Every structure is written in C-alpha cells, then in structure tokens.
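Chains as they are written, first to last, in my numbering: chain A, 1 to 364; chain B, 1001 to 1355. For glycine and all other residues, C-beta sits at the position ideal for the given N, C-alpha and C. In this text, all values refer to a predicted model and were calculated from it rather than measured experimentally.
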Amino acid sequence: MKGEGISRTQLASLVWAGVLAPAAELLPGITLPAGGKGAWLAPLAALPLVLAGGWLLGRLGEGSGLAGGLAESGVGKAVLILYMVWGEALLALRLRLCARRLLDAGRRDGGLWFFLLAVAAVVLWMGLGRLSAFARAGQFFLAILLAAGGVVLLLSLTQTRPERVLPLWVEDIPGILSSALPAAGTLGWGLYGAFLLGETEGEDTRGRRHWLAWGVGGCLLLALAQYVILASLGQELAGRLDSPFFTLAQSVGVEGAFQRVESVVTALWTLADLVMAGVLLFSLRSMAAALRWREKRTAVLGLILAAALALTLFSDRLAAAWGRTVVPLGNLILGLILPALMILPKTISGKRGRDGTSCGGKGG
Amino acid sequence: MRGRITALWAALCLLLTGCGRMPYPREMEDMALLRTMGVDREGGVLALTVSTGPRARGLQGDQESALVLSARGESLSAAALSLQGLSDSYVFFGYVDQLLLGEELAREDVRPVLDWFARDAELGLGARVWVVRGSAREAVESGGDRGVDSRLTTLRADGEMGVASLSRTAGEVYADLLEQGTAYLPALTVSGQEAGSLKDGGYAVFKDGALAGYLEGEEALGLELLAGQSSVHMLEERTGEETVSLRVTASSAACRLTGEGRLSLTCRVAVHLEEYRHPLTASQLEDLQNRVKTREEGRVRAALDRLRDWKADCLGLGPRAGLTAPQVWSGLQENWDEAFAAMEPEVEVRVELHP
C-alpha cells in the first residue's frame, strides 16, 4: 500500500462511514439500560473516550505507523497479531450482520449465504484494490449515508415529543456518564482506522485540530440522531426494538411520493458495512506488511476465513449477542486499555531518560 | 493470483453445498399486496381479517375485485401463517398501512398487536390504527369488491385536513401506551355493507392497554381542542334577533404547570362568521365571541372530566406541562395519574373571531 497516500479527511470519512453501520444497529438500544431518558447524550458522553482512544493509537503509531511501530518488538508483534485476530472476528461479524440486513430488506426466506458471499466478494474486490480509490469512494459513501439518515430523521421530526427525553435531572448524570462506555465501545469499531494513519499525507500541524473537529462533529451528529429517535419512539419502545433507527425508517414516508423508505435505507446502509469491512481488510493488509507477510495473500485468506466463520460460527442470535456485548467490550480494551498500557512504560522511560540527560548535562 | 482466489472462492462455495437455498423469486402478479388488517378476539382465539385493494390484472388496466381473507389462531403469527394457505397468491404484509382493532380485543389488551407490528419484518409502526365499535372483520368486509382501503384512506386524509377524527399511527399509540400508560385512538362504526359504511365514532381511550371508554360528540371535540388539532365544525349562535353560523377552523393548545402544581391549559380557537343576515355591531361580535368561548370551554371541560374519571391523561398534558416547570413536575410525575384525577385544571379558551 506504500505510496497510496490518502488525505486525513478521506480517512476520517472512511472511519465515520464505517462506524455508521454498528451505530445504526446498536444505538440507542445499547445505551438505554444505563442512560435511560438521557441515553441520547451517550455519544457526547463518549466523546472524551473516543478522543483519548484516537490520541493513544496515534501516539503508538508515531514515526513508522501503528502496525510498523508495533512490529518493531517481540511483544509488539504479539499485540499486532492480537489486533489481527480481533479484526478478523469483527470482519466475520460485519459480513454476517450485513448479509442478514440485506436478506431482511428484501423480505426473503433463506439464502443468507448468497448475500454473504456476494458482500464478501465486493469487499475482496475493494480490499485488493488501491487504498486511494477506496478512500475516495468512502467520502462519496459517507455523503450518501448522511443524506439517507438525514432524510429519515428529518421526516421523523414531526413525530418527536420533547417531553419523552426531557427534562433531565442531576440524578440522571451518573447514568448518562456510564452510558458512555457502551457508546464508546460501539464507536470503537472505528479503531482499525488507526492502522491506516501511516498512509495519510499532509501537514502535521493541523492534524490534532482535524481529528478533534471530526470527533466532535461526528459525536454531535450522532447525539442529534439519538435525540430524534428517542423523542419519536420513547425509551420504552426503543428499548424493545432490535434496531430503533431502522424501525423509525419503517414508519416514515411522504404521502403521494413514497410511503415506505426502509428498504431503500437498509440497502443504502450496506455501503456502511462495505466501508467498515474494507477498513478492516486494508488494516489487515497493513498489519501483514508490517509483519513481512504477503499482504494481499493475507487479505484474501483473512476474508475467506471471515466469510467461513460468519457462515459457520455465528448464528443470527449469536451475532446479535456478540454485537451488543463482546464487541463493545473488546473494542474498549483494544482501543483504550491496551494502547494506554503500551504507552505508559514508554512515557515513563522517556521521562526518566530526559531527566537523566538533563542531570548529566548539568554534571558535565 | 486471480486464479488462486477464484479457486479458493469456488472451494468455499462447494463447501456450502446444501447449506441453504437461493432467495426465492416472487413475481408481482403472484402476490396479494394486503392494505388493511382487522384483528378481533373471537371465542378465546385471535382472528385476522385482511384485505387488498382492487387488484390490477393483465395489461389493459382491468381490475380484479379485492381479496378478503380471514383466519384464526392462538397467536397473531399463527393466524397470519394460516392466511398464506388460503390464497393461491403469495400473501404479502409489507403494504399493510391500515389496522382495525375489534372492540372485544380492545377491551382486553391491544399492546400485543402493536408489539407485533413493531417487531415484524414486514409490518411497520407507520400503519394507521382505528378501533371498530363492533367487529373488525365486519369492518374489513364492509368494503365488498372494492375493499375498504379507499374509505380508510379518505378518512385519514379528512382527519389530516381537519374534517374527520384525528388519525394516529401504530407507533404513536404504542409509544404513548408504553410511556404514559394511556393513549387515544379514532373509533369507527359500521353501518351496512355499502361503500362509505364506515363512519366516525368518536375516540377510544385506552388505559394500560385496555379500552377505558369512548369520547363522543362534545367530549370528542374537547379532546381535539386539547390536542390542538380541532376538526372543522360549525356553531349556530343567537345574537339579538338573528341566528348566525360560525365555522371553527383551527386551534392550538398550550399547557403549563403553576407553582402550586396545578395544570393550566390555554386553547386558541379561530372562528369565521359564515352566515348572517345583517352586519353585526361591535357589541354583538363581542357577545358572540363570549358565547363561543363558553361553548368551547364547556367542551374542553367535558373531555377533561371524562379523562380524569378514567385517570387517563392520554394527551400527555402532564409531561408536556412538566417542561415548563421541571421542578414542580419532578414531584408530580411519580403519581401523575392520581394527581391528574384529583386536580381541577385551569382552562382558558381564547377566541379569534374573523367577521
């Protein structure tokens, strides 16, 4: 992938377009048990965790990129393989969930494997191509997804009842803060974008502000979307549904123009799945290259393994259960805790080193 | 490389032999696209009656009569599955946007039906819901060859234009039942077997999923005023020696909680002078305005009294008013049903008379 530089905006677009897939499936259902009426604020509560995760992964990848940096030591290589295994699990889950959604959108019986293999083939085609082309497509896909989601939420505005989400009390704050964890775990699907940081080009000086703007903007938009969903359906009904966003899409329409839009929205949301799967595959390539494995062969084998796992290991029920519990937790560990544990010794030894040099200088 | 990938892919496909079947193709002409569903409780089991609109046939724009099917089952899904066997077309529920609930079912609990609409892949919460004062099967069958969907579509459109009862979606009703424990639904009566046999029957009020009672006439108009969506209606009033006709065209409602925790409601009504013999003087207009105010206030109070009797704040007046005084609301919301039943709300109607 070397020499296929992409811009930071393109990488941010890829990450957010991909994250929209799990976000639409899981939010606000996953944050409701803790956040209750205030669950719509969970993406904003998760913002510090998201920014911290991004900063930690960015620090780890300073210099030769995240994969390259990790591959420099034995422990780092083991950690890199752990990221590869987790990425493989996420890829398998994403393929399964995407195929299930396509099957449901067409209201067809049977044939899940047909959709799964079709999605996997498209992901493979994208994943073996050029990253720059995939990144350009990601920007376009994000625009489509935002437009589709925006239309659904805009048409739902007439159904909103502010009293369903307001007023919030001081007693609600601990719940809202604890809902930050599942929300951050959901947004943690985007952590593999960090493995593509090494492919970005541009001036470093604007880097931090750039990521901050994308992080704040994305979480703010998600919070607004959650507000519309919860103010329309109420927390009780939203908590009973598998995916409140798609249920909301089922109940909106324009008389005389189009009465049902959910199949179109569901089909368009496949783009988010494809982008997320593509990001995972490109990051697998990046990790394989850092380990001096054949990156394209690793990507092909990885995808075939993921498709096989999606078909054999995950049932619909297991996939949904993993998506709600295991994956957010795993994302938090790999996106926050593990990078923090790896940076802490570096930072401490760096400080000691600087102190030692300084003393030596004085002594000399 | 490409050859290897193809070989691997083919191997994976071979492994899948017998894993599942291909998606089943369906042709539009082989499908019965259902528009209306009626649900009844009949002798301890659930009965589904479904209807399509008139169906297109051939290339000449010919129309086949509407398909009406009925099946019973211990559960809604069982009854829906039985419907598949009754037709030689594939019965498709994805276009059901009109739901009729029979009175017997309504007296028991409507939440399982709404829950089914929320969870089912084909059905949706955007469907409009009515309660039939009688049997939903009878209402669905009253459409005859043309089906009942066009009549219900008219009623819905009339409701949106303010000339019939307010229509409500399954999502709005289910969310209200889950959030505030009570909801209102437009009701229908069935008279005869001809087109237009479905008529407005006021509003059905639900408490904890079961029918608490109906609001009709003045009470139904009062509920619409409180909802801020009064239907267009005529008033005849006497001023001096002559009788004048007035048309109520629009309304809006606002509610707030006073510092003492009392509900204060303000309804604004726009009234147009329609029929009169002589131009009215300023004092006559003022007199008319006061009469309209008294009349509309009476309607609002009648609706409120009935709702308070049932301890059913189906309009969500309390939570809405709570936004204006969150501190006061925090003390009331726990036992709002009791507080609502016990309090005498302040009602003010402001009339805007357009001569």
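Can GLY278 of chain A and PHE134 of chain A be called in contact, C-beta distance under 9 Å? yes
Return the CA-CA distance between PHE246 of chain A and VAL265 of chain A, expressed in angstroms with no decimal places. 8 Å
Which residues does DSSP list as the beta-bridge partners of CYS1314 of chain B? Answer is none; CYS1314 of chain B lacks a bridge partner.
Who are the Cβ neighbours of CYS359 of chain A in its own chain at under 7 Å, not counting the five residues just before and after it? A caution first: CYS359 of chain A carries a pLDDT of 44, below 50, which makes its placement in the model unreliable, though a value can still be read off. So no residue of the chain qualifies.
Cutoff 7 Å; reference SER1245 of chain B; Cβ partners in own chain excluding five residues on either side: MET1234, GLU1236, GLU1274 and GLU1275
I'd like the list of long-range same chain contacts for GLY175 of chain A, defined as Cβ closer than 6 Å, with 5 residues on each side in sequence excluded. ALA34, GLY35 and GLY36
For a quick check, are the C-beta atoms of LEU117 of chain A and ARG96 of chain A less than 9 Å apart? no
Which of the three DSSP states, helix, strand or coil, is assigned to ILE30 of chain A? coil
First and last residue of the alpha helix (DSSP H) that includes LEU334 of chain A? Segment: none, LEU334 of chain A is in no alpha helix (DSSP H) and carries neither H nor E.
Report the residue from A:PRO48, A:SER64, A:GLN10 and A:PRO28 whose alpha carbon sits nearest the alpha carbon of LEU332 of chain A. A:PRO48
Assuming PHE1206 of chain B is part of the beta strand (DSSP E), what are its boundary residues? 1198 to 1207
Let's see if you can read the secondary structure: which residues bound the alpha helix (DSSP H) around THR186 of chain A? 180 to 187
Which value, in whole angstroms, describes the spacing of the CA atoms of ARG1262 of chain B and GLY1144 of chain B? 51 Å
If contact means a Cβ-Cβ distance below 8 Å, which residues of the stretch 1307 to 1340 of chain B contact chain E? This model lacks chain E altogether; the protein chains it does include are A and B.
Extent of the continuous alpha helix (DSSP H) to which ALA1227 of chain B belongs: 1217 to 1227
Neighbour list for ALA1175 of chain B in chain A, Cβ cutoff strictly below 7 Å: LEU233, GLY234 and LEU237
Cβ closer than 8 Å: which chain B residues qualify as neighbours of GLU163 of chain A? GLY1316, PRO1319, ARG1320, GLY1322 and LEU1323
Whose C-alpha, out of B:LEU1166, B:LEU1211 and B:PRO1279, is nearest the C-alpha of LEU1225 of chain B? B:LEU1166
Have a look at the DSSP bridge pairing and note the partners of ALA1256 of chain B. The question names Ala, yet the displayed sequence has Arg at residue 1256 of chain B. DSSP output for ARG1256 of chain B lists B:SER1264 as bridge partner(s).
Nearest-angstrom Cα distance between LYS362 of chain A and GLY215 of chain A? Bear in mind that a pLDDT of 39 at LYS362 of chain A, under 50, signals an unreliable position, so the number given afterwards is only what the model happens to contain. Roughly 43 Å separates the two Cα atoms.
Where ARG1306 of chain B and TRP1336 of chain B are concerned, what is the direct C-alpha to C-alpha distance, given to the nearest angstrom? 16 Å
Checking contacts by CB at 9 Å: is ALA1121 of chain B closer than that to chain A? yes
Nearest candidate by alpha-carbon position, reference VAL79 of chain A, set A:VAL170, A:LEU291 and A:ALA120: A:LEU291
So, at 6 Å on beta carbons, what are the nonlocal neighbours of GLU1348 of chain B in its own chain, with the 5 sequence-adjacent residues on each side left out? THR1266
For a contact meaning CB atoms closer than 7 Å, what does LEU1178 of chain B contact in chain A? GLY234, GLU236 and LEU237
Can you find the residues in the same chain that come closer than 8 Å, C-beta to C-beta, to ARG1385 of chain B, ignoring five residues on each side of it along the sequence? Here chain B comprises residues numbered 1001 to 1355, so residue 1385 of chain B is not present and cannot be evaluated.
Per-residue burial, GLN226 of chain A [other beta carbons within 10 Å of its own, 16 or more giving buried]: buried
C-beta neighbour in chain A for TYR1184 of chain B, strict 9 Å: no
Using alpha carbons as the reference points, say which of B:GLY1124, B:LEU1178, B:GLY1201 and B:ALA1078 lies closest to ALA1139 of chain B. B:GLY1201
Answer yes if the stretch 85 to 104 of chain A comes into contact with the stretch 267 to 282 of chain A, meaning at least three C-beta pairs across the two stretches below 8 Å, and no otherwise. yes
ALA213 of chain A to ASP1208 of chain B, Cα distance in whole Å? 46 Å
C-alpha gap between ALA288 of chain A and GLY198 of chain A, whole angstroms: 14 Å
Return the Cβ separation of PRO345 of chain A and ILE30 of chain A in integer angstroms, given the expectation that the two are a contact with Cβ distance under 8 Å. Not a contact, Cβ separation roughly 33 Å.
What residues in the stretch 165 to 177 of chain A have a beta carbon less than 7 Å from any beta carbon of chain B? LEU166, PRO167 and TRP169
Enumerate, from N- to C-terminal direction, the unbroken beta strand (DSSP E) stretches of 3 or more residues contained entirely within the stretch 1121 to 1172 of chain B. 1128 to 1132
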